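Encoded as structure tokens, the structure appears first; notes follow it.
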Amino acid sequence: MNETPNLNYIKELAAGSVEFEQKLIAIVKREFPEEKKEFLNNYEGKHFIKAAENVHKLKHKIGMLGFEEGYQLTIDFEEELREKEYTLFSKFMLILGAIDNFLETL
1 MNETPNLNYI KELAAGSVEF EQKLIAIVKR EFPEEKKEFL NNYEGKHFIK AAENVHKLKH
61 KIGMLGFEEG YQLTIDFEEE LREKEYTLFS KFMLILGAID NFLETL
């Protein structure tokens, strides 16, 4: 997967409103680290159903930040966790890492 996060979708939603764009970015910057931490806590505690719920929340931010293949991978990983499987964990973590790095630049 060679996708990188971007603001294209957020800019499209904002329709030229810099204020709205900044509000969306602020929400993502505030919520993403909290949701990632909660996911990791549940995953490491082997609470896979709760971890799947966390992935479901993160999925929307992943899509909002321009991931298409990553969005599908997130859907697949969420389903996998509900079956108590986790083969996509490392790929999912690469997406989260890319988002962490991207958000630091904003």
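For the sequence shown, the positions run 1 to 106 when full-length UniProt numbering is used. Heads up, the beta-carbon is just placed ideally off N, CA and C, and yes, glycines get one too. Since the model is a prediction, treat every value here as computed from it, not as a measurement.
Verify whether the separation of the beta carbon atoms of residue i and residue j is less than 9 Å.
i      : j     : result
LEU96  : ALA51 : no
TYR86  : PHE48 : yes
ASP100 : LYS36 : yes
How is residue i classed by DSSP in three states: helix, strand or coil?
i           : result
ALA15       : coil
HIS47       : coil
THR4        : coil
LYS37       : helix
residue 108 : Residue 108 lies beyond the stretch modelled for the chain, which goes from 1 to 106, so this question has no answer here.
GLU104      : helix
Rounded to the nearest angstrom, what separates residue i and residue j at their Cα positions?
i      : j     : result
LYS59  : GLU44 : 19 Å
GLU69  : GLU3  : 8 Å
MET93  : ASN8  : 22 Å
GLY16  : LYS91 : 34 Å
THR105 : ALA98 : 11 Å
ALA26  : PRO5  : 15 Å
GLU12  : GLY63 : 13 Å
How would you label residue i, buried or exposed, when you count the other beta carbons within 10 angstroms and need 16 or more for buried?
i     : result
THR74 : buried
GLU78 : buried
ILE10 : buried
LYS29 : exposed
GLU34 : exposed
Report whether the distance from the Cβ of residue i to the nearest heavy atom of the ligand NAD is below 8 Å.
i     : result
ILE62 : The ligand content of the structure shown is nil, which means the ligand NAD is not present either.
Since residue i contacts residue j with CB under 8 Å, what's their CB separation in whole angstroms?
i     : j     : result
LYS61 : PHE32 : 6 Å
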